[in-house]
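Chains as they are written, first to last, in this note's numbering: chain A, 2 to 325; chain B, 6 to 295. In this text, a Cβ means the ideal position worked out from N, Cα and C, and glycines have one as well. In this text, all values refer to a predicted model and were calculated from it rather than measured experimentally. Notes for the one structure printed next.
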């Protein structure tokens with residue numbers, strides 16, 4: 002108290018009301034501060050678990066990516082940037098000359114192409130589906146959404162297993178085709194890029210449909226009607242009216258499909274047979290048979306950087322939309 | 006954008022009249038686009054065919070998977086009596102139960118601390134941290150976690166199922182958090198204000214007003230977390246220690262060894278279990294039409 006009065010000697014008289022106000026403000030400040038502390042305490046367990054076991058491991062592999070691989074798994078704590086250099090370049094064994102790491106490039110390229118292809122096809126299939134659902138009556142809309150969502154929440158592994166059962170060499174499809182005499186050799190479908198792509202679309206299609214639906218549901222059909230009134234063809238209305246209006250949904254759906262597709266591991270493992278490597282399989286291999294943990298760490302962080310870029314792209318896109 | 010705004014604002018008079026004047030016949034529906042219905046049906050059929058084929062053939066009596074002989078539930082009996090499958094299922098349920106229990110508790114607390122509150126320093130930070138597990142590809146989380154847990158194992162000498170459960174808690178938290186937060190956002194402050202007016206302490210208000218209203222969200226979040234934990238493959242493959250075979254891990258190892266009708270039966274049961282859980286979740290968190 003004494004210090005407080007000493008601090009404010011210049012305003013001695015009209016204190017009675019002012020100090021009441023300020024002390025009330027101070028009291029509510031204190032209450033607010035206590036509420037904030039309470040909120041931090043409430044969030045603490047979730048934060049501790051996620052920071053401790055979700056974020057810390059990422060920091061550790063970041064550290065690992067700058068070390069030297071030990072002979073049998075693990076690392077030797079000796080600083081070297083080789084793992085990061087190897088992400089892009091190959092070091093010649095004798096001359097130390099750097100050359101492009103084509104083996105890795107082909108895997109990156111395949112991952113990106115397959116992820117993009119998956120996203121595009123999911124958009125082509127998902128857009129009409131979402132549009133159709135959004136233009137149904139309220140009741141059947143919910144039924145459709147339910148139909149689309151349930152497979153997504155059902156076990157992914159089992160769904161991929163089901164696809165494998167159908168397309169493998171001794172699978173139901175080949176069996177049926179052989180039985181009706183359409184082919185005399187089983188079609189080699191599994192372990193191809195097509196199989197992988199099909200599996201990815203199958204797995205993540207609902208992630209495209211749902212955000213698209215959310216956008217399309219809010220579409221103002223008076224604008225569509227205006228387009229038709231102005232003699233636009235169906236295609237023109239779709240291209241110049243509907244698609245620009247639901248762009249946020251298209252971007253959101255594409256990002257949601259692209260991210261798991263590029264980070265895929267298990268679908269490539271089952272439908273790609275391990276031969277058609279995606280970036281995820283390459284990472285796992287570094288920690289498994291290749292026993293090069295620093296390399297695996299560097300590649301994992303590269304993958305994470307790609308995903309983060311996609312998310313930032315999405316964030317800036319949606320931000321601009323909101324500002325407009 | 007400006008064109009859009011113009012049509013909305015400009016000339017409000019004649020347009021609705023014109024719209025009303027047009028006969029509402031079948032001939033031209035502004036909402037219909039050709040071929041879209043076909044695509045939607047194709048989509049649903051494509052999503053369900055593989056599952057349907059799997060389930061149908063799980064009732065096949067034959068020892069080879071592809072040749073249909075006759076309807077039978079024999080493989081279900083064999084699968085249910087298989088000790089390996091039973092152990093894997095029990096372990097999966099145990100991990101999923103414990104992980105979802107902890108994750109839901111933490112997520113509920115965090116949701117209360119971050120929803121319907123005035124903005125405070127760090128709110129965005131808390132929100133970002135909680136959603137962090139969703140942003141990192143599973144394979145990256147998996148290998149980072151295995152490295153981290155390896156270090157802890159080395160340092161402490163502690164082994165056991167706790168590691169797997171902890172890894173599951175981490176990625177279950179955001180899934181549990183989202184439905185709870187959604188439920189809280191839909192709730193009106195007036196109930197709690199009324200409780201406070203009637204001299205309820207904050208704890209009493211929470212216990213008798215907020216919590217009961219929040220229960221569907223918590224149940225929904227818990228179920229989602231349970232489902233996500235039950236279904237997880239990638240992180241479990243990497244983190245699980247020797248002998249810690251959850252159901253998805255069992256399926257993966259069996260796929261490598263070769264496909265049996267028994268595996269089909271087991272997969273069908275597993276699929277049904279997660280589909281039922283998903284349905285319950287859908288019903289529980291469905292928002293009432295306004």
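Provide the residue span of the alpha helix (DSSP H) that contains residue i, from first to last.
| i | result |
| --- | --- |
| residue 76 (chain B) | That residue, residue 76 (chain B), is in no alpha helix (DSSP H); it is neither H nor E in DSSP. |
| residue 159 (chain B) | 143-161 |
| residue 180 (chain B) | 167-191 |
| residue 254 (chain A) | 248-263 |
| residue 241 (chain A) | From DSSP, residue 241 (chain A) is part of no alpha helix (DSSP H); its letter is neither H nor E. |
| residue 81 (chain A) | Where residue 81 (chain A) is concerned, there is no enclosing alpha helix (DSSP H), given that its DSSP letter is neither H nor E. |
| residue 94 (chain B) | 88-119 |
| residue 148 (chain A) | 139-154 |
| residue 225 (chain B) | 216-236 |
| residue 55 (chain B) | 41-62 |
| residue 218 (chain A) | 194-218 |
| residue 269 (chain B) | 266-290 |
For residue i, does the count of other Cβ atoms within 10 angstroms reach 16, so buried, or fall short, so exposed?
| i | result |
| --- | --- |
| residue 75 (chain B) | exposed |
| residue 175 (chain A) | buried |
| residue 80 (chain B) | buried |
| residue 73 (chain A) | exposed |
| residue 269 (chain B) | buried |
| residue 267 (chain B) | buried |
| residue 276 (chain B) | buried |
| residue 206 (chain B) | exposed |
| residue 103 (chain A) | exposed |
| residue 270 (chain A) | buried |
| residue 208 (chain B) | exposed |
| residue 143 (chain B) | buried |
| residue 155 (chain A) | buried |
| residue 129 (chain B) | exposed |
| residue 232 (chain A) | exposed |
Cα separation between residue i and residue j?
| i | j | result |
| --- | --- | --- |
| residue 44 (chain A) | residue 108 (chain B) | 12 Å |
| residue 299 (chain A) | residue 62 (chain B) | 44 Å |
| residue 203 (chain B) | residue 185 (chain B) | 26 Å |
| residue 157 (chain B) | residue 82 (chain A) | 25 Å |
| residue 93 (chain B) | residue 85 (chain A) | 39 Å |
| residue 103 (chain B) | residue 169 (chain B) | 11 Å |
| residue 69 (chain A) | residue 167 (chain A) | 44 Å |
| residue 118 (chain B) | residue 40 (chain A) | 4 Å |
| residue 185 (chain A) | residue 172 (chain A) | 14 Å |
| residue 87 (chain A) | residue 296 (chain A) | 8 Å |
| residue 223 (chain A) | residue 136 (chain A) | 13 Å |
| residue 127 (chain B) | residue 59 (chain A) | 22 Å |
| residue 148 (chain A) | residue 244 (chain A) | 24 Å |
| residue 71 (chain B) | residue 292 (chain A) | 39 Å |
| residue 198 (chain A) | residue 229 (chain B) | 27 Å |
| residue 286 (chain B) | residue 237 (chain B) | 18 Å |
| residue 106 (chain B) | residue 172 (chain B) | 14 Å |
Among the residues of its own chain, which have a CB less than 8 Å from the CB of residue i, if the five just before and after it don't count?
| i | result |
| --- | --- |
| residue 221 (chain B) | 188, 289 and 290 |
| residue 196 (chain B) | 214, 215 and 218 |
| residue 317 (chain A) | none |
| residue 319 (chain A) | 249, 252 and 253 |
| residue 75 (chain A) | 294 |
| residue 220 (chain A) | 135, 243, 246 and 247 |
If I measure Cβ to Cβ from residue i and keep anything under 7 Å in the same chain, skipping five residues before and after, which residues do I get?
| i | result |
| --- | --- |
| residue 217 (chain B) | none |
| residue 27 (chain B) | For residue 27 (chain B), the predicted structure reports a pLDDT of 48, less than 50, and the residue's modelled location is therefore unreliable. The matter cannot be settled from this model. |
| residue 157 (chain A) | 204 |
| residue 120 (chain A) | 255, 258, 259 and 262 |
| residue 30 (chain B) | The predicted position of residue 30 (chain B) is uncertain, since its pLDDT is 49 and thus under 50; no value can be drawn from it. |
| residue 113 (chain B) | 185 and 223 |
| residue 134 (chain A) | 142, 145, 146 and 214 |
What residue range does the beta strand (DSSP E) around residue i cover?
| i | result |
| --- | --- |
| residue 99 (chain A) | 99-101 |
| residue 91 (chain A) | 90-92 |
Identify, in the order they occur along the chain, each residue of the same chain with its Cβ nearer than 6 Å to the Cβ of residue i, setting aside the five sequence neighbours on each side.
| i | result |
| --- | --- |
| residue 153 (chain A) | 207 |
| residue 202 (chain A) | 119, 122 and 123 |
| residue 187 (chain A) | 170 and 175 |
| residue 181 (chain B) | 108, 109, 112, 226 and 230 |
| residue 116 (chain A) | 259, 262 and 263 |
Give the residues of chain E in contact with residue i, contact being defined as C-beta atoms less than 7 Å apart.
| i | result |
| --- | --- |
| residue 162 (chain A) | Absent from the structure: chain E. Protein chains present are A and B. |
Taking three-plus beta-carbon pairs below 8 Å as touching, is the stretch 80-89 of chain B in contact with the stretch 143-160 of chain B? These segments do not touch.
Evaluate the contact criterion for the stretch 131-139 of chain B versus the stretch 168-188 of chain B: three or more CB pairs, one atom per stretch, below 8 Å. The stretch 131-139 of chain B, when compared against the stretch 168-188 of chain B, does touch it at the 8 Å Cβ threshold.
Answer yes if the stretch 36-50 of chain B comes into contact with the stretch 247-260 of chain B, meaning at least three C-beta pairs across the two stretches below 8 Å, and no otherwise. Judged by Cβ distances under 8 Å, the stretch 247-260 of chain B makes no contact with the stretch 36-50 of chain B, as fewer than three pairs qualify.
Taking three-plus beta-carbon pairs below 8 Å as touching, is the stretch 41-56 of chain B in contact with the stretch 126-144 of chain A? For the pair of segments examined, the stretch 41-56 of chain B was found to touch the stretch 126-144 of chain A: the number of CB pairs separated by less than 8 Å reaches three.
Assess contact between the stretch 215-222 of chain A and the stretch 175-195 of chain A, defined as three or more Cβ pairs (one per stretch) separated by less than 8 Å. Is contact present? Using a Cβ-Cβ distance cut-off of 8 Å, the stretch 215-222 of chain A and the stretch 175-195 of chain A are not in contact, since fewer than three pairs of beta carbons, one from each stretch, lie closer than that value.
Would the stretch 97-115 of chain A and the stretch 272-288 of chain A be scored as touching if the rule is three or more Cβ pairs under 8 Å? Verdict: yes, contact present.
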